[in-house]
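Down below is the structure, laid out as structure tokens.
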Amino acid sequence: MKAGLSTFDISGRAMAAQLVRMNAIASNLANAGTISATEQGAYRALKPVFSARFDGAAATVDVARMARTGTPEKKLDPNHPLADATGHVWAAAVDPNQEMVEMVETARAYANNVEVMSTARGLMLETLRIGK
Amino acid sequence: MTMLDTALGLSADALRLRAQRLDVIAGNIANSSTPGYKARDLDADGALARLQAARSSGFGAMMADQLGGGLQYRAALVPSIDGNTVEMATEQAAFAENAVKYRASLGFLTSRIQTIMSALKGGE
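Line by line, the protein sequences are chains G and R. So that you can map any letter, position 80 of the first sequence is 751 in our numbering, and since no number is skipped, the others follow by simple counting. So that you can map any letter, position 56 of the second sequence is 69 in our numbering, and since no number is skipped, the others follow by simple counting.
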């Protein structure tokens, strides 16, 4: 094995990336349904953008940036304390159903990487005992 | 070194190839949600067969240095909309298969080492 990325680096980075994604989902869900007085102030869903990083034959994953997605929904609600002069408020651009699906996908991807790591760990420990 | 290579046979190179393939598949699993990532794989069985052929014709040491260069892209069963071709079921199967073959190579290597040790000790 060459001294570049080890299996632990590959899976470890991927687990970290999936945790970033899980954090983004948590903050999206926490902010679902929040109301803002201005369009700029309204919450927009956070999404991590993943990119592959290559090192020879090995490839791991990086979080290239965090993107703000979606457009806040303009709602007519004159009785809301935050309503502007025309009686409008802006609701956060978060789709809770989509976030829940992504949460399950993230958990599965994380578990897959844990499995890879524990298999690699087992194989390495067996290799250490070679010849015995 | 050459003598040790001959004594350990193909298993040592097989172990190295399996470790390389393990990393390649780990990379695929790591990138299961990266847009545009193309799943890759190492033809370890093919490389081993070529190495075995080279060994029998006496060019084994030369071949062993060039092992594992040929990465190939996996053809996706169902292409996904973001251009990612990692299919988790395929990768998991390949990973499990590779882990078993790694263990097998390790077993062969262990018994070869035990044989050599026994020969060194005069069969004690």
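Even glycine gets a Cβ: it sits at the ideal position worked out from N, Cα and C. The structure presented is a predicted model; accordingly, all values stated were derived computationally and were not measured.
8 Å Cβ cutoff, residue i in contact with chain R
| i | result |
| --- | --- |
| residue 783 of chain G | yes |
| residue 790 of chain G | yes |
| residue 684 of chain G | yes |
| residue 828 of chain G | Any answer about residue 828 of chain G is impossible in this case: the structure gives chain G only from 672 up to 803. |
| residue 769 of chain G | no |
| residue 794 of chain G | yes |
| residue 775 of chain G | no |
| residue 728 of chain G | yes |
| residue 695 of chain G | no |
| residue 787 of chain G | yes |
| residue 778 of chain G | no |
| residue 802 of chain G | yes |
| residue 740 of chain G | no |
As assigned by DSSP and simplified to three states, the class of residue i
| i | result |
| --- | --- |
| residue 698 of chain G | helix |
| residue 772 of chain G | helix |
| residue 778 of chain G | helix |
| residue 94 of chain R | coil |
| residue 722 of chain G | strand |
| residue 34 of chain R | helix |
| residue 682 of chain G | helix |
Short CB-CB distance (under 8 Å) between residue i and chain G
| i | result |
| --- | --- |
| residue 63 of chain R | no |
| residue 36 of chain R | yes |
| residue 66 of chain R | no |
| residue 40 of chain R | yes |
Within chain G, partners of residue i - CB distance below 8 Å
| i | result |
| --- | --- |
| residue 47 of chain R | 721, 722, 723 and 732 |
Practice item. Assess, as a yes-or-no matter, whether the stretch 50 to 65 of chain R is touched by the stretch 704 to 719 of chain G under the definition of 3 or more beta carbon pairs within less than 8 Å. Key: With a cut-off of 8 Å, the stretch 50 to 65 of chain R and the stretch 704 to 719 of chain G do not count as touching, because too few Cβ pairs lie within range.
Review point. For the stretch 81 to 111 of chain R, which residues have a beta carbon sitting closer than 9 Å to at least one beta carbon of chain G?
Key: Taking 9 Å as the Cβ-Cβ cut-off against chain G, the residues of the stretch 81 to 111 of chain R that qualify are 81, 82, 84, 101, 104, 105, 108 and 109.
Review point. Quick one, which residues of the stretch 706 to 724 of chain G are near chain R if we go by CB-CB under 7 Å, in chain order?
Key: Cβ contacts with chain R come from 721, 722 and 723.
Exercise for review: Report yes or no: do three or more beta-carbon pairs, one from the stretch 750 to 763 of chain G and one from the stretch 726 to 739 of chain G, lie closer than 8 Å?
Suggested key: Result no; under three Cβ-Cβ pairs closer than 8 Å.
Point to revise | Inter-stretch contact at 8 Å, needing at least 3 Cβ pairs: the stretch 93 to 101 of chain R / the stretch 755 to 772 of chain G | key: Short answer: they don't touch.
Exercise for review: Would you check if there are 3 or more beta carbon pairs closer than 8 Å linking the stretch 113 to 122 of chain R to the stretch 795 to 802 of chain G?
Suggested key: Because the criterion of three Cβ pairs below 8 Å is met, the stretch 113 to 122 of chain R and the stretch 795 to 802 of chain G touch.
**Study point:** Contact the stretch 714 to 722 of chain G vs the stretch 737 to 745 of chain G: 3+ CB pairs below 8 Å
**Key:** As far as the Cβ criterion goes, the stretch 714 to 722 of chain G touches the stretch 737 to 745 of chain G, which means the pair count is three or higher.
Review point. Taking three-plus beta-carbon pairs below 8 Å as touching, is the stretch 678 to 687 of chain G in contact with the stretch 772 to 788 of chain G?
Key: Output reads yes: the stretch 772 to 788 of chain G touches the stretch 678 to 687 of chain G.
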